[in-house]
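Taking it in order: structure first as structure tokens, then the write-up.
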Amino acid sequence: MTDSSADSPCRRALLIAAGLLGLSLAAARPAPAVADTVLITGANSGIGLEFAKEYAAKGWTVIATHRRSEPPRTLTELAARYANVRIERLDVTSVDEARALARKLEDVPIDVLIDNAGVYNDRSHCRADDEECPGDWSVESFGKLKYSLLDTIMAVNIKGPLIVAEAFYDNVKASREKKIIAISSSNGTLTGEKSPAQGAIFYRMSKAALNREMQIVAASTRRDGVTVVMLNPGPTLTEHQEYLRRYPEMLTTAFTVGHMIETIDRVTIRDTGRFLRYDGATEPW
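Per the numbering used here, the very first residue in the sequence shown carries number 1476; after that it's consecutive.
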């Protein structure tokens, strides 16, 4: 005959054993991971889009920003594929827009802030939604300079990264990684070319200025444990530059962004203020 009493020694032993088993299973179960968060400017095409794709595939929360009037198809398709992708509008040259988005994301720690948005050449003749239009470099050559383009490039490539870094600084400080990454270029080097080539004056001077301003941002934020690094992606074959595919030195976006993500993972506060190649090698500047 079984003993149905609540005080039965057998029943108590079974309950204790079951409880211990439950505790063991709970201890063996991994704690839910907290996904890191990356905010990428200019995420609708080129290097920015590849960053969004690769971080999304890694399971990060991706805040992909763009400046179009409507979310670009490239990002809506990415968000449909990955639930961890969030699309936000941001014109990096607008202090008001940056501050408004920062208020919207007030409680969101941003582990890695990637200042990627940039203007390379004159795309005034390109449709806003035509990501494959190559643009025109000729108006950046001495004797043919289009100064209205200079205003645009300075606003996006120099002013924009400062606006973004300052607007989202509290979000970065609140994160675990605390990293601000500026996508630069070897085209901005002051010492790396023995005999500087001609052309692309506006773009090249903007990247030199970007490196200098980010050195100063690094010096200003080091006390908060924030790492600021400038990265050179190398000669990257984006959709805007398909006409360069014939050159063997051109790198795919997947190659250079994959290496940049590995470098971003490795950098620490000891690297703050450095200008690095996509693979972490020190770049002359």
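Ideal placement from N, C-alpha and C gives every residue a C-beta, glycine not left out.
Here the structure is a predicted model, which is why all the values come from computation and not from measurement.
When DSSP labels each residue in this structure, what does Ala1603 get in the three-state scheme?
-> coil
Compute the distance between the beta-carbons of Asp1597 and Leu1624, then report whether it is under 7 Å.
-> yes
Given Val1732, which residues of its chain have a CB within under 7 Å of its CB, disregarding the five upstream and five downstream residues?
-> Ile1522, Glu1525, Phe1526 and Glu1529
Around the C-beta of Tyr1622, are 16 or more other C-beta atoms found within 10 angstroms, so that it is buried, or is it exposed?
-> exposed
Coarse secondary structure for Val1560, derived from DSSP in three states = strand
Start and end of the beta strand (DSSP E) containing Phe1643?
-> Run containing Phe1643: none; DSSP gives neither H nor E here.
How big is the Cα-Cα spacing for Gly1709 and Ala1577?
-> 31 Å
Residues of its chain near Asp1754, where Cβ-Cβ distance is below 6 Å and the 5 sequence neighbours each way are ignored | His1734
Based on Cα-Cα distance, which residue from Thr1728, Leu1712, Ala1729 and Phe1730 lies nearest to Tyr1722?
-> Leu1712
Taking just the CA atoms, how far does Ser1650 sit from Asp1586?
-> 5 Å
Within 10 angstroms of its Cβ, does Pro1671 collect 16 or more other Cβ (buried), or is it exposed?
-> exposed
Please determine, among Asn1519, Tyr1557, Thr1549 and Leu1553, the residue with the shortest C-alpha to C-alpha distance to Gly1534.
-> Tyr1557
Can you find at least 3 beta carbon pairs, one from the segment 1723-1730 and one from the segment 1677-1695, that sit closer than 8 Å?
-> no
Enumerated in chain order, which unbroken segments of the alpha helix (DSSP H) with a length of 4 residues or greater are wholly contained in the segment 1608-1639?
-> 1622-1629
Ala1693 bridges to which residues according to DSSP?
-> Ala1693 pairs with nothing; no bridge assigned.
Rounded C-alpha distance that separates Asn1686 from Ser1695 | 14 Å
In angstroms, rounded to a whole number, what distance separates the CA positions of Glu1545 and Lys1669?
-> 45 Å
Rounded to a whole number of angstroms, what is the C-alpha to C-alpha distance between Ala1531 and Ala1555?
-> 12 Å
Using the beta-carbon count (16 or more within 10 Å), is Arg1741 buried or exposed?
-> exposed
Where the alpha helix (DSSP H) containing Ile1736 begins and where it ends = Thr1728 to Arg1741
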